[in-house]
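> These protein sequence lines map, in sequence, to chains A and B. For what it's worth, UniProt numbering labels the leading residue of the first sequence as 1, then goes sequentially. For what it's worth, UniProt numbering labels the leading residue of the second sequence as 1, then goes sequentially.
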Amino acid sequence: MRELQLSLNQTQKVRLQRALEKLESLSSKANSNASVTVADSIPVNYEDGLLKGHGTSEFNGEVVATVCGIVERVNKLVYVRALRARYKPEVGDIIVGRVIEVAPKRWRVEINYSHDAVLMLSSMNLPDGIQRRRTALDELNMRSIFEENDVICAEVRGFQHDGLHLQARSQKYGKLGRGQLLTVPSYLVKRRKQHFHNLENYGIDLIIGCNGFIWVGEHVQVTDDMVVDQVNKSEQDDAKPDENSFSPEYQEKNYTRQETRENICRAANAIRVLSTLGFNITVEVITETVDLSTSINVAIHEMLGSEFYVLVAEKESVRRSMTKKK
Amino acid sequence: MEYVSPEGLRLDGRRPMEMRQIRADIGVVAKADGSALFEMGNTKVIAAVYGPREVQNRSQQLNDSALVRCEYTMANFSTGDRMRKPKGDRRSTEISLVIRQTMEACIMTHLMPRSQVPLLHLGELFLHECVVCSFLSLVSLFFQIDIFVQVLQADGGTRSACINAASLALADAGIPMRDLVTSCSAGYLNSTPLLDLNYIEDSAGGADVTLGIMPKLDKVTLLQMDAKLSVETFENVMQLAIEGCKAVATYIREVLLENTKQLEYRRGI
Chain A
1 MRELQLSLNQ TQKVRLQRAL EKLESLSSKA NSNASVTVAD SIPVNYEDGL LKGHGTSEFN
61 GEVVATVCGI VERVNKLVYV RALRARYKPE VGDIIVGRVI EVAPKRWRVE INYSHDAVLM
121 LSSMNLPDGI QRRRTALDEL NMRSIFEEND VICAEVRGFQ HDGLHLQARS QKYGKLGRGQ
181 LLTVPSYLVK RRKQHFHNLE NYGIDLIIGC NGFIWVGEHV QVTDDMVVDQ VNKSEQDDAK
241 PDENSFSPEY QEKNYTRQET RENICRAANA IRVLSTLGFN ITVEVITETV DLSTSINVAI
301 HEMLGSEFYV LVAEKESVRR SMTKKK
Chain B
1 MEYVSPEGLR LDGRRPMEMR QIRADIGVVA KADGSALFEM GNTKVIAAVY GPREVQNRSQ
61 QLNDSALVRC EYTMANFSTG DRMRKPKGDR RSTEISLVIR QTMEACIMTH LMPRSQVPLL
121 HLGELFLHEC VVCSFLSLVS LFFQIDIFVQ VLQADGGTRS ACINAASLAL ADAGIPMRDL
181 VTSCSAGYLN STPLLDLNYI EDSAGGADVT LGIMPKLDKV TLLQMDAKLS VETFENVMQL
241 AIEGCKAVAT YIREVLLENT KQLEYRRGI
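1) If you count every other CB in all the chains shown that lies within 10 Å of the CB of Ile22/B, and 16 or more means buried, which is it?
2) Enumerate, from N- to C-terminal direction, the unbroken alpha helix (DSSP H) stretches of 4 or more residues contained entirely within the UniProt domain "Exoribonuclease phosphorolytic" (179–244) of chain B.
3) Which one of Lys324/A, Asp162/A and Leu126/A has the shortest CA to CA distance from Arg108/A?
4) Nearest by alpha-carbon distance to Glu71/B: which of Ile99/B, Ser59/B, Lys44/B and Gly80/B is it?
5) By the 10 Å Cβ neighbour count, where 16 or more other Cβ atoms means buried, how is Pro6/B classified, buried or exposed?
6) Work out the CA separation of Gly41/B and Thr158/B for me, nearest whole Å.
7) For Met226/A and Ser35/A, I'd like the C-alpha separation in whole angstroms.
8) For Gln12/A versus Glu307/A, is the C-beta distance shorter than 8 Å?
9) At 3 residues or longer, and completely inside the segment 34–66 of chain A: list those beta strand (DSSP E) runs for me, N to C.
10) Got a sec: is the Cβ-Cβ distance from Leu256/B to anything in chain A below 8 Å?
11) For Ile214/A and Ile207/A, which I take to be in contact (beta-carbon distance under 8 Å), what is that distance rounded to the nearest angstrom?
12) State the start and end residues of the unbroken beta strand (DSSP E) segment that holds Met40/B.
13) At what residues does the beta strand (DSSP E) containing Arg73/A begin and finish?
14) Using only CA atoms, which one of Val102/A, Lys88/A, Glu147/A and Gln221/A lies nearest to Tyr113/A?
15) Please classify Pro118/B as buried or exposed, where buried requires at least 16 other C-beta atoms within 10 Å of its C-beta.
16) Since Phe279/A meets chain B, which of its residues come closer than 9 Å, beta carbon to beta carbon?
17) Measuring straight from C-alpha to C-alpha, what distance separates Ser234/A and Asp93/A?
18) Among Phe143/B, Thr93/B, Gln101/B and Glu94/B, which one has its Cα closest to the Cα of His115/A?
19) Starting from Ala82/A and walking both ways along the beta strand (DSSP E), at which residues does that stretch end?
20) Are the beta-carbon atoms belonging to Glu155/A and Gln171/A less than 8 Å from one another?
21) With DSSP collapsed to three states, give me the class of Asp138/A.
22) For a cutoff of 8 Å on Cβ pairs, would you count Ala117/A as touching chain B?
23) Just checking, does the segment 165–176 of chain B make contact with the segment 8–23 of chain B on the three C-beta pairs under 8 Å criterion?
24) Could you spell out where the beta strand (DSSP E) holding Asp146/B opens and where it closes?
25) Going along the chain, which residues of its own chain have a beta-carbon closer than 6 Å to the beta-carbon of Thr109/B, five neighbours each way excluded?
26) For Thr260/B, which of Ala32/B, Gln153/B and Gly174/B has the nearest alpha-carbon?
27) Under three-state DSSP, which class holds Asn259/B?
28) For a quick check, are the C-beta atoms of Gly51/B and Asp146/B less than 8 Å apart?
29) Using DSSP with H/G/I as helix, E/B as strand and the rest coil, what is residue 334/A?
30) For chain A, find out if any of its Cβ atoms is closer than 8 Å to the Cβ of His121/B; answer yes or no.
31) In angstroms, rounded to a whole number, what distance separates the CA positions of Arg106/A and Leu119/A?
32) List the residues of chain A whose Cβ lies closer than 7 Å to the Cβ of Met177/B, in chain order.
33) Compile a chain-ordered list of the residues in the segment 40–59 of chain B whose CB is closer than 9 Å to at least one CB of chain A.
34) Let's test the definition: count the other Cβ atoms within 10 Å of the Cβ of Pro43/A and tell me whether it reaches 16, buried, or not, exposed.
35) Give the interface partners of Leu211/B over in chain A, defined as CB-CB distance under 8 Å, in chain order.
36) Distance cutoff 8 Å, beta carbons only. Does Ala19/A sit that close to anything in chain B?
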């Protein structure tokens, strides 16, 4: 059993236990005994053409699980969804990663996968926004775009012969600055339509990468130049200096307000609490946790204290029972 | 020396066919992909699994399956009086090899050859379909799985405890396995078969059979014995060890199921 490394007093222990028990009862109503461990046989009614999917194998004519997880059935397909595994990239995933190497025409990016990903110079938009062939000069200037240890956001493009490729063909992708990178287990992040979030009341951006890297940073205006055509855009660029440029002068000129910085830390701590408790991490839950902390006036550093953990667990159990009723 | 008293009790007060108390804990190493702590009486072992990850040493990579590596170490404080030689001695090399071979037998390494797993996430479902074959040469990713086991406290049967811990850690890491491997030792002293020897019984000089089985498949993956026994006695001792392994398996499954359920309801799915 995965236990929390927290020092709880007696009442807190009881409250946490009660909250977790409630969560357990809520989930067990939905699907009872669907969880299996390695080498458990999965009961199937033997119709013709049963498809055995991930995490299953056959032994003596019965379907046997090969991983610990939940049995899922889709028509004739039976598979086991592992609850704890490394991140497995899928095409189109939005991920946050860290540049570890600048290589010829490419950057190597650490994305929490078993192998490092590759971001080709040709598969990203240049800062000037013009679509053109990448020249040798561009290649020499690669460090002006991303350097080692930069945190970047990109999309999974697919598997090529030399590994996993990324792409960053929009202004919303690219280098991330002025914020915090958090690492949570990737299985806590669900693939959704939206992974970029702007929490307007707090003035922060939240990028929940599918690989379990979460970026919490100051809000930056994004103009998606996929919409704006080239001619218009270049005119715009002349009119006002590019808002998305990450040049050092721009960054120095732009100072993050203390309030925003506090909000960033608050959101980051909320995510830390949620990931330690092992709750699914979505933008709704994060905002609720942040709201909870502000509403009861918990200081940022106290959010990592045991009392707040108990509160979050209680809140989550209430929230889930509410959604169940609806 | 008398290892079994006339009343039929062993030195530590157990019956001949009684196991020590076992306890397992999952998720003890935060950074690892999977980890477990396993206790058999006073023997305490920690295991951490990293992977599947990129092959670090290119010369070791295998074309048709994932590479499994294992490192067994004994903490210097694990035994009472003697200070063992640090890592690299022959005993730990041998045990590393034994554990590696035992775990290799249960890990479905063929699922992580250089292509299939990352390619389209087809899993076993389409493994045999020829559609995949045309892609095979396209992707060259090599995988390796590292198993680290360390003995924190040694009181006989470290080999078995390590295998049990590694098995749990692999299951925790979500690595596909044919079956869990569980292990238990048995011995023969004072013409009595004894289950799960402790250090004193282990060093008595009698036979010591370490057995590893896959309970579901009913197969033996490890069998070691360091003395002579007649065939009839050996069969008895081995039968006893099998019973021990099965008892361990039952317990391990309980722990894993409990852990799975907990992960499930915490996430609320």
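C-beta: ideal position from N, C-alpha, C; glycine also.
The answer reads as follows:
1) By the 10 Å Cβ count, Ile22/B comes out buried.
2) You should have 199–202.
3) Considering only Lys324/A, Asp162/A and Leu126/A, the residue with the shortest C-alpha distance to Arg108/A is Asp162/A.
4) The shortest C-alpha separation from Glu71/B is found at Ile99/B.
5) The residue is exposed, with fewer than 16 neighbouring Cβ atoms inside 10 Å.
6) One C-alpha to the other measures close to 11 Å.
7) Residue placement at Met226/A is poorly supported in this model, since its pLDDT is 46, which falls under 50; the coordinates are not used for a value here.
8) Closer than 8 Å, so yes.
9) Entirely contained in the segment 34–66 of chain A, the beta strand (DSSP E) runs reaching 3 residues are, in chain order, 56–59 and 62–65.
10) Cβ-Cβ to chain A under 8 Å: yes for Leu256/B.
11) Yes, Ile214/A and Ile207/A are in contact; Cβ-Cβ is about 7 Å, under 8 Å.
12) Its beta strand (DSSP E) spans residues Gly34 to Met40.
13) Segment Gly69 to Val74, the beta strand (DSSP E) holding Arg73/A.
14) If we check each option's Cα against that of Tyr113/A, Lys88/A comes out closest.
15) Here the model assigns Pro118/B a pLDDT of 40, short of 50, so the residue's position is not dependable, and the following value carries that caveat. Result: buried.
16) Within chain B, the residues placing a beta-carbon under 9 Å from that of Phe279/A are Arg266, Arg267 and Gly268, ordered along the chain.
17) Confidence at Ser234/A is low in this model, with a pLDDT of 45, below 50, so its placement is unreliable and no value can be given for it.
18) Nearest C-alpha to His115/A: Phe143/B.
19) Annotation: the continuous beta strand (DSSP E) that includes Ala82/A extends over Leu77 to Ala82.
20) No, these two residues do not count as a Cβ contact at 8 Å.
21) Of the three classes helix, strand and coil, the one that applies to Asp138/A here is helix, per DSSP.
22) Proximity of Ala117/A to chain B, defined by a Cβ-Cβ separation below 8 Å, is not satisfied.
23) The segment 165–176 of chain B is not in contact with the segment 8–23 of chain B.
24) Per DSSP, the continuous beta strand (DSSP E) segment holding Asp146/B begins and ends at Phe143 to Gln153.
25) Cβ-Cβ distances below 6 Å link Thr109/B to Ser65 and Ala66 in the same chain, with the five nearest sequence neighbours on each side left out; the list follows chain order.
26) Nearest C-alpha to Thr260/B: Gly174/B.
27) Reduced to three states, the DSSP call for Asn259/B is helix.
28) A contact, by the Cβ cut-off of 8 Å.
29) The first residue shown for chain A is 1 and the last is 326, placing residue 334/A beyond what the model contains.
30) Annotation note: pLDDT 41 at His121/B (below 50); position unreliable, no value reported.
31) Between the alpha carbons of Arg106/A and Leu119/A lies a distance of about 5 Å.
32) Result: Val38 and Thr66.
33) Those residues of the segment 40–59 of chain B that come within reach of chain A (Cβ to Cβ, closer than 9 Å) are Gly51, Pro52, Arg53 and Glu54.
34) It counts as exposed.
35) Contact note: Leu211/B does not reach chain A at a C-beta cutoff of 8 Å; the least C-beta distance is about 18 Å.
36) Cβ-Cβ to chain B under 8 Å: no for Ala19/A.
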